[in-house]
Structure formats: C-alpha cells, structure tokens
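S.K.:
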Amino acid sequence: MSATQSRPEPKQDEVYSALASARRPKPPGRLSMCLTFGWRGMLKIKHVPEQLIDVTLTPVLFLLMFTYLFGGALAGSTSEYLQYLLPGMLVQSVLFTSVYSGVALNADSTKGVIDRFRSMPVWRPAPLAGAVLGDSVRYLVAAVVVVVLGLIMGFDPGSVTGVVAAIALIVVFSFALSWIFTTVGLLLRAPQAVMNAGFMGLFPLIFLSNIFVDPATLPGWLEAFVHVNPVSHLTTATRGLMGDGASAWEIGRVLLEAAALAAIFAPLTVRLYRKAS
Amino acid sequence: MSAQLAIEAVGLVKTFGATRAVDGVDLAVPRGAVYGVLGPNGAGKTTTIRMLATLLRPDAGSAKVLGRDVVAQADEVRSLVSLTGQLASVDEDLTGRENLVLLARLLGFTRADAKARADELLEAFGLADAAGRQVKNFSGGMRRRLDIAASIVVTPELMFLDEPTTGLDPRSRNQVWDIVRALVAQGTTVLLCTQYLDEADQLAERIAVIDRGRVIAEGTPAQLKASVGQGALHVRLLDADRRDEAEQLLARALDAQVHLEPDPARLTVPVTDAGRATGAIAELSAAGIELADFALGQPSLDEVFLALTGHPAEETVDEEEAA
Ligand SMILES: Nc1ncnc2c1ncn2[C@@H]1O[C@H](COP(=O)(O)OP(=O)(O)O)[C@@H](O)[C@H]1O
Ligand SMILES: [Mg+2]
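Protein chains in written order, with the numbering used here: chain A, 627 to 903; chain B, 12 to 334.
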C-alpha cells in the first residue's frame, strides 16, 4: 500500500512514465485466463456476500418450515418426514442457486465490463468458464448448509460417501441446468428479470416433483408428470445415495438428462455470448 | 496507401430492426493524434466504435484498424487497441486495484508484476487512496480515470474513448483531457466520440461530424469552421470618435456591412478571407486610426453544427441510450 503519499489528482509526469513503462507481456494460456476469471468470481462472492445469504437462507427456511409445519401431516412424524424431505431439499436449494449463474452473466453483459473483456485478446469463453468456479462455490455452500442443518435436526445420512456422491450428482446436474439460465440471462434485459423468469420456471418443476410428497398420493395426470420430471429423477437418485442405495439406472438417467441439457443450452449460450451486442 | 492510417472504414452499416444506427460511415483516421467523432446523442457514435473495436459485426462495409480487418483479423485488432466504453467498463463490485490486477493478469502479467503495474497506474491517476474501495463507491471522475487506467495497463496503439467526460464536472473533465493529451504525446492514436463541441475542438486534430448514422462533414476544426463560411473581424479603436471614419473605410475595404457594437469604440465586420482582413487592418493604420486591439473570430463549432444539420448539437435526439 502506498496510500500514505498519494494525491487525489492525476500526476501528468507519472501518467507519462506509466505510459512509457507499459510493456506487453506474452499472452497467457487459456487455462490461466479461465482461472483469472475464476478468481474474479471469488472476489465477487467476497464483496457481495448477499448472494450467499440468499442462497443459504431460502433452503434453511424451507427445511424448517416443511419439516415442522407439514411434517406431521404429510408423513405422520417430523423425524420420518425429515428423512424423506432432506435429500429433496438438497436438490431444491442447489437448483435454485443455479439461477444465479444466469443472473450474474446478465449483470455482466448489461454493464460495460463485458465489452472490455470482449475488446481484449481474451479467449472468448474464458469469462463463462471462469464463472463456473464461482458457481461451484455457491452450489457447495448451499449443499453444505442443508446437510449440516439436517444433521442438527436429526437426519440420518447413511454413509459419508453416499452424501458426497449425492452432492456431486446434484452439482453436475445443476451445472447442466445453469446453461438454461445463462441462455435466458443473455436474452433478457435486466438481472431481476432473469431471476424472476428462472424462479418461475423452476417452481413448477420443483413442486411437481417427488421432493415434498410421494407421487402415489397424487391424481393420475399429475403423477404422470411427476414421473417424467427430471427433478424427480434427481431426487430419487439423491434419496437412494443418501439412504438405501441408488441403482445404476437411477444415476445414469440423471447424467443423461444433464448431458442433454448441456448439449442443447451450452452451445446456445456460447452463440448468444459471441454475438451479444 | 493505408499504412499511414490508424483507421480506414468504408461504408459501414449497422441496423437494429428498423433503426439504421450507422448508415454508411467512411472514416480515414491518421495515426498519432486525437480524431474526434462528434455528434448528438443517438447519432451512431457508439455503434461505430463497437464495430471498429470488433464488438459488433458490420452489416455492410468494411474497416481496417491499424491495417487489420476488423472481421477477419479481429484477434489481432484486439491485441492492439483498447476500449473505454460509454458505460464504465470496469467491474463495480471489485475494488479499483482488483480491477487493474484482473486486467493485467488477463494480459499476461505475473501476479507480482500485475500488482506493481496496478499500483503504478493508481498512483499516477491519483487513485491510490481509493484503491481498496469498491468501484461502486467511486465518484464519476474517479471511475472515468480508473476506466482509462484500465485501458492502458498495456499502452495500446489505438484507444477508443466513448464520451469520456459526459456527466463529469469541469475539474474532472480537465483531468481527463490532460490524460488524453499525455496518451497522444506518447504516440497513441485516440478515437474520441463526444457530443461536446468544446471537447472536440480542444483535443481533436481532425473531426468527423456524424448525424443520423452518416458523416456529414470532416476536417480539421478550423476547416469545419471555415466551411460554414464567415468568420468576423472584431476591432476596438483607441479613439471612439473616429468610429464613423473607420466604419466607412472597413465597409469599402472588405465590401461588407459593418456592424456597430454597443461599445462606442467597437466594430464588427463579417469576413470571408483572412488575407483581406489583414489588408483592411493595414489600411486603418495607414489612415492614422489607431487600434486598441483586433481579433479575427471564427464561428464556434456550435454554429458549425447548426449550419450543417439544421438542428443544434446539444439537442437530445433520442432518450433511449443504447448499450
Ligand atoms: N443494441 C441496440 N438495439 C437497438 N437499437 C440500438 C442498439 N444500439 C443502438 N441502437 C440505436 O441506434 C442509434 C444509434 O445509437 P448509438 O450508436 O448508441 O448513438 P450515440 O452513441 O451516437 O449516442 C440510436 O437510435 C439507438 O437507439
Ligand atoms: Mg453513445
């Protein structure tokens, strides 16, 4: 820090010497650029911790509310319901978090800073790839908060490897899903609009799934939707991994769906990003 | 032929839906000076800059920046230019220092070099005290300075500056102007978009006046003023009693209507050419009419714009500011 002798005025002679001393180093590799953008993502979390509070507070409220308010009515006892609900809460909280990927990208592209990156000799997808790092931190925080709270409330997690595998599966699926929101993020004008659109799209998928209730109790047409809903598939696999075990098909199905989402929406995002005006 | 030109654009067109934002712009920007692009809000300045800086692909026409095609050789262009956009192109959530370190890292500086370069720039631009603050807490002038500092982490051969002083107080404006002058003195070419006539007049060696997506006039500030025609000779006599005599003489010598100012010692005569004006001055002194002072006034760029476009430059054509 050289704050002691600084002046609030620009100094013409120092501007001259700063200009004269600027040499152009060898351009960094693509990986290094991605890591630099990852560092930017971390800085943003550090400076705007509100985004983590949103991410963690919502699942905490949901978990407490559903367990203690509806648990008795839905499953007979709160402890039984917690056992059923917690894996789904884990899914829900991380999926909601993935909307922020689109919100962050939109905030970038509607401000001038993305223009600077795009006018520099920077590998075009690097800002996107770097954002992934910030996203993963958010996903992990959301997941850890839910698991820790669940443990405090008396959830029996089965095995540690099961929990880790479940979180890994959810994070993989969320990355795939986040490409939808980044696409939306580049199509809409304001971060708030992206947030609203994302949550509006997610709510039906989350509530019309097997997260909260056993689909067997639903009317037939609704049960049919719940059964094809990828969020249900993810929740089933998560429950299995955190309980009696998941079949290869249950896990494979989630990975396939994730791959399909990414295959459609990742190229779309990159295309929109390239030509974003 | 184009080796000497920093920018050579021919027939650039960009349309957004029904709006022809840029409607056939030609530019020939020489190296090593400030080139002003002057026009009112909505004229197409930002869109033109964005095409030249490889952010937008032209719908028609072509452009070379430092000899490289902006579409086919976009990567090469990007490694030679930098852009200070109309919207602050720095990250508001990060601190001033973090912004500069980030850019330096992206340009290939090592971690230690990036920090040193950031501090050097912060110090030079008078931002060292604020370096650890988030940019969203910066004043408008500080943000602009940081924005320009961010553009010279590596000194570019060509710098695009889009309305660098819009919204700044006069003091901050002067600071930005000084920085631009330093840049040019170091050999950087600057393409400066502005809606301030004063700014173009102060900084630019040549100016393209742009209105509704077209270049409507081009030249040095003096040429532009001359092209609108008349300047005026302003004369103040030492002895106000001889004004009538002076009036007759000037009317004859310059073949024009002499205007008598409210100040009894002053006269103003429209002139078409400076040579005849000096001749008239000489005749005055030959006749023994002594002058307190005289000046050959040129029309202001405001008048130039009004004459060229039929509407004043400061008029806001379009409220909807484009990104
Ligand atoms: N991305 C865009 N979408 C639609 N219209 C745009 C867009 N960018 C600019 N325009 C329109 O193009 C015209 C020129 O805009 P711009 O280049 O920003 O002018 P200036 O920078 O001279 O104020 C304006 O009418 C503006 O509304
Ligand atoms: Mg503009």
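Just so you know, even glycine gets a beta-carbon here, dropped at the ideal spot from N, CA and C. Note that the structure is a prediction, hence the values are computed from the model and not measured.
For the beta strand (DSSP E) containing G72(B), list its first residue and its last residue.
M.R.: To locate residue 72(B), count along the second sequence from 1; it is residue 61. It spans A71 to V76 - the beta strand (DSSP E) in which G72(B) sits, taken as one unbroken run.
S.K.: What is the DSSP secondary structure of P713(A), reduced to helix, strand or coil?
M.R.: Taking the first residue of the first sequence as 1, we reach residue 713(A) at position 87. Looking at P713(A) - three-state DSSP - the assignment turns out to be helix.
S.K.: Is DSSP giving K236(B) helix, strand or coil here?
M.R.: As a position in the second sequence, residue 236(B) is number 225, starting the count at 1. Here K236(B) sits in helix by DSSP.
S.K.: With a threshold of 7 Å on Cβ separation, who are the neighbours of I877(A) within its own chain once the five nearest residues in sequence on each side are excluded?
M.R.: Here residue 877(A) corresponds to residue number 251 of the first sequence, with the count starting at 1. L795 and A863.
S.K.: Check whether the Cβ of K56(B) lies closer than 7 Å to any heavy atom of ligand 1, and answer yes or no.
M.R.: Locating residue 56(B) in the second sequence gives position 45, counting from the first residue. Checking every heavy atom of ligand 1 against the Cβ of K56(B), one is found closer than 7 Å.
S.K.: Could you check whether the stretch 32-45 of chain B touches the stretch 197-215 of chain B, counting it as contact only if at least three pairs of C-beta atoms, one from each stretch, sit closer than 8 Å?
M.R.: Judged by Cβ distances under 8 Å, the stretch 32-45 of chain B makes contact with the stretch 197-215 of chain B, as three or more pairs qualify.
S.K.: Closer than 7 Å: is that where the CB of G53(B) sits relative to any heavy atom of ligand 1?
M.R.: Start at 1 with the first residue of the second sequence, and residue 53(B) comes out as number 42. G53(B): yes, Cβ under 7 Å from ligand 1.
S.K.: Report the rounded CA-to-CA distance for Y726(A) versus Y765(A), giving the unit in angstroms.
M.R.: Reading the first sequence from its first residue, position 100 is the one you call residue 726(A). Reading the first sequence from its first residue, position 139 is the one you call residue 765(A). Going from the Cα of Y726(A) to the Cα of Y765(A) covers about 10 Å.
S.K.: Could you list the residues in the stretch 727-750 of chain A with a C-beta less than 8 Å from some C-beta on chain B, going in chain order?
M.R.: Hits within the stretch, in order: T736, K737, G738, V739, D741, R742, F743, R744, S745, M746, P747 and V748.
S.K.: Answer yes or no: does any C-beta atom of chain A fall closer than 8 Å to that of T4(B)?
M.R.: A question about residue 4(B) goes unanswered here, because the residues of chain B that appear run from 12 up to 334.
S.K.: Report yes or no: do the stretch 656-670 of chain A and the stretch 92-99 of chain B share at least 3 C-beta pairs separated by less than 8 Å?
M.R.: No, the stretch 656-670 of chain A does not touch the stretch 92-99 of chain B.
S.K.: Under the rule that 16 or more other beta-carbon atoms within 10 Å means buried, what is A291(B), buried or exposed?
M.R.: For the purposes of this step, residue 291(B) is identified with residue 280 of the second sequence, where counting begins at 1. Under this definition A291(B) is a buried residue.
S.K.: According to the Cβ coordinates, are Q206(B) and N110(B) closer than 8 Å?
M.R.: Reading the second sequence from its first residue, position 195 is the one you call residue 206(B). Reading the second sequence from its first residue, position 99 is the one you call residue 110(B). Going by C-beta atoms, Q206(B) is not nearer than 8 Å to N110(B).
S.K.: Check for me: the beta strand (DSSP E) holding V48(B) runs from which residue to which?
M.R.: For the purposes of this step, residue 48(B) is identified with residue 37 of the second sequence, where counting begins at 1. Looking at the DSSP string, the run of the beta strand (DSSP E) that includes V48(B) is V45 to L49.
S.K.: I'd like the list of long-range same chain contacts for A629(A), defined as Cβ closer than 8 Å, with 5 residues on each side in sequence excluded.
M.R.: Within the first sequence, numbered from 1, the residue matching residue 629(A) stands at position 3. With a pLDDT of 42 at A629(A), under the threshold of 50, the modelled position of that residue is not reliable, and no figure is offered here.
S.K.: Which residue from P636(A), G667(A), P783(A) and A874(A) puts its Cα closest to that of M868(A)?
M.R.: Along the first sequence, one-based indexing puts residue 868(A) at 242. Out of P636(A), G667(A), P783(A) and A874(A), P783(A) has the C-alpha closest to the C-alpha of M868(A).
S.K.: Given G50(B), which residues of its chain have a CB within under 7 Å of its CB, disregarding the five upstream and five downstream residues?
M.R.: Against the second sequence, residue 50(B) aligns to sequence position 39. Hits under 7 Å: K56, Q206, V220, I221 and D222.
S.K.: Can you tell me where the beta strand (DSSP E) holding E19(B) begins and where it ends?
M.R.: Translated into positions along the second sequence, residue 19(B) becomes position 8. Run containing E19(B): L16 to F27, per the beta strand (DSSP E) assignment.
S.K.: Give the range of the beta strand (DSSP E) segment to which S150(B) is assigned.
M.R.: Here residue 150(B) refers to the residue found at position 139 of the second sequence. Taken as a continuous stretch (DSSP letters only), S150(B) belongs to no beta strand (DSSP E), as it is neither H nor E.
S.K.: Would you call the stretch 827-835 of chain A in contact with the stretch 717-724 of chain A, where contact means no fewer than 3 C-beta pairs closer than 8 Å?
M.R.: With the cut-off at 8 Å, the stretch 827-835 of chain A and the stretch 717-724 of chain A touch.
S.K.: Pull up the distance between the alpha-carbon of A872(A) and that of F838(A), whole angstroms please.
M.R.: The residue given as residue 872(A) occupies position 246 in the first sequence. The residue given as residue 838(A) occupies position 212 in the first sequence. If I take the Cα positions, the gap works out to 19 Å.
S.K.: L23(B) to A17(B), Cα distance in whole Å?
M.R.: As a working mapping, residue 23(B) is identified with position 12 in the second sequence. As a working mapping, residue 17(B) is identified with position 6 in the second sequence. Computed Cα separation, rounded: 16 Å.
S.K.: Indicate whether R154(B) and V146(B) have their beta-carbon atoms separated by less than 8 Å.
M.R.: Start at 1 with the first residue of the second sequence, and residue 154(B) comes out as number 143. Start at 1 with the first residue of the second sequence, and residue 146(B) comes out as number 135. Yes. Within cutoff.
S.K.: Is the shortest distance between the beta-carbon of P653(A) and the beta-carbons of chain B less than 8 Å?
M.R.: Position 27 of the first sequence, counted from the first residue, corresponds to residue 653(A). It does; some Cβ of chain B falls within 8 Å.
S.K.: Counting only C-beta atoms, is T895(A) closer than 8 Å to chain B at any point?
M.R.: Locating residue 895(A) in the first sequence gives position 269, counting from the first residue. T895(A) does not count as touching chain B.
S.K.: Counting along the chain, where does the alpha helix (DSSP H) carrying T283(B) start and finish?
M.R.: For this step, residue 283(B) is matched to residue 272 along the second sequence. T283(B) -> no alpha helix (DSSP H), and no H or E assigned at all.
S.K.: Roughly how many whole angstroms lie between the Cα atoms of R122(B) and M821(A)?
M.R.: As a position in the second sequence, residue 122(B) is number 111, starting the count at 1. As a position in the first sequence, residue 821(A) is number 195, starting the count at 1. Going from the Cα of R122(B) to the Cα of M821(A) covers about 35 Å.
S.K.: Whole angstroms are fine: how far does the CA of T65(B) sit from the CA of V226(B)?
M.R.: Against the second sequence, residue 226(B) aligns to sequence position 215. Against the second sequence, residue 65(B) aligns to sequence position 54. Cα to Cα, the separation comes out at about 20 Å.
S.K.: Under 7 Å between beta-carbons, which chain B residues line up against P675(A)? List them in chain order, please.
M.R.: The sequence position of residue 675(A) within the first sequence is 49, counting from 1. None at all; the shortest Cβ gap to chain B is about 11 Å.
S.K.: Just by C-beta distance, which residues in the stretch 65-84 of chain B are closer than 9 Å to chain A?
M.R.: If the cut-off is 9 Å between Cβ atoms, the stretch 65-84 of chain B has T65, L66, L67 and R68 near chain A.
S.K.: Looking at S100(B): is its Cβ nearer than 8 Å to the Cβ of R742(A)?
M.R.: In the second sequence, residue 100(B) corresponds to position 89, counting from 1. In the first sequence, residue 742(A) corresponds to position 116, counting from 1. Yes. Within cutoff.
S.K.: Verify the contact flag: D34(B), CB atom, against every heavy atom of ligand 2, threshold strictly below 7 Å.
M.R.: Your numbering for residue 34(B) matches position 23 in the second sequence. D34(B): no, Cβ never under 7 Å from ligand 2.
S.K.: Using a Cβ cut-off of 9 Å, pull out every chain A residue sitting near S93(B), in sequence order please.
M.R.: The sequence position of residue 93(B) within the second sequence is 82, counting from 1. In chain order: R742, S745 and M746.
S.K.: Cβ of A802(A) within 8 Å of Cβ of A888(A)?
M.R.: Taking the first residue of the first sequence as 1, we reach residue 802(A) at position 176. Taking the first residue of the first sequence as 1, we reach residue 888(A) at position 262. Closer than 8 Å, so yes.
S.K.: Beta-carbon within less than 6 Å of S858(A)'s beta-carbon, same chain only, minus the 5 sequence neighbours each way: which residues are those?
M.R.: As a working note, residue 858(A) is residue 232 in the first sequence. Once the five neighbours on either side are set aside, the close Cβ partners of S858(A) are S835, N836 and V852.
S.K.: Bridge partners of E229(B), per DSSP?
M.R.: Counting from one through the second sequence, the residue named residue 229(B) turns up at place 218. Answer is A219(B), bridged to E229(B).
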